[in-house]
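Participant: First, the structure itself, so that you have it in front of you.
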Amino acid sequence: MNEILTDQQMSIEALENLFRAAFLQVERDKDGDLLVRDESGVKTIVKLDPDKKLASFFAIWGLTNNFNEAAKLKFVNDLNNDLIMVRFSLPRTDILWCDYQFLYEGGVVPFQVVVTYRRFVSVCRSAVQKAPAGLIS
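The sequence shown begins at 23 in this note's numbering and counts up one residue at a time.
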């Protein structure tokens, strides 16, 4: 693979090949989005917005009903204050949403895409480990 993946070369297919070359489990969902699993089983959805030249990583965890919405929002706010890189949100009271976006205009280094993915997963895993007992379903 080239040293730079140009924005013209950037595609779900190119990312699929890149993640496979990094020995990660990769599949496509029904919408054609990329699903990547690391060695620990964390599933990340990878999407591209070609018009904005924006790549996005998403991970979702289910939340139990053992905590009220205020406690869940406090947990999410604490994650956003304490952890780097990943944005955490609560789109519904039963979902912890984790995402990260980066621009690929002008191209990206393939190694950096994989390293960024691995850091994203690591930060998400840290968030789940910080959850109070009984919060993550």
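Cβ atoms here follow ideal geometry from the backbone N, Cα and C, with glycine treated the same way.
#1: Helix or strand or just coil, what does DSSP make of T115?
#2: Can you list, in chain order, the residues of its chain with a C-beta nearer than 7 angstroms to that of K75? Leave out the 5 residues immediately preceding and following it.
#3: What's the call for D60, buried or exposed, on a 16-neighbour Cβ count within 10 Å?
#4: Using CA atoms only, rank isn't needed, just tell me which of S33, A43, F45 and L105 is closest to L56.
#5: What is the DSSP secondary structure of L46, reduced to helix, strand or coil?
#6: Against chain C, with Cβ distances strictly below 7 angstroms, would D29 count as a contact?
#7: Do three or more CB pairs link the stretch 32-51 to the stretch 128-138 at distances below 8 angstroms?
#8: Anyone know if the C-beta pair for I82 and I106 falls short of 7 angstroms?
#9: Once DSSP output is grouped into helix, strand and coil, what is the label at Q30?
#10: Quick one: grab the DSSP three-state call for K75.
#11: Check the DSSP bridge columns for G156 and list the partner residues they point to.
Facilitator: Put simply:
#1: T115: coil per DSSP, three-state reduction.
#2: D29, L125, Y126 and E127
#3: Buried: at least 16 other Cβ atoms inside 10 Å.
#4: Checking every option, the nearest Cα to that of L56 belongs to S33.
#5: Correct three-state label for L46: coil.
#6: Within the model displayed, chain C is absent; a lone protein chain is all it includes.
#7: yes
#8: no
#9: coil
#10: coil
#11: DSSP lists no partner for G156.
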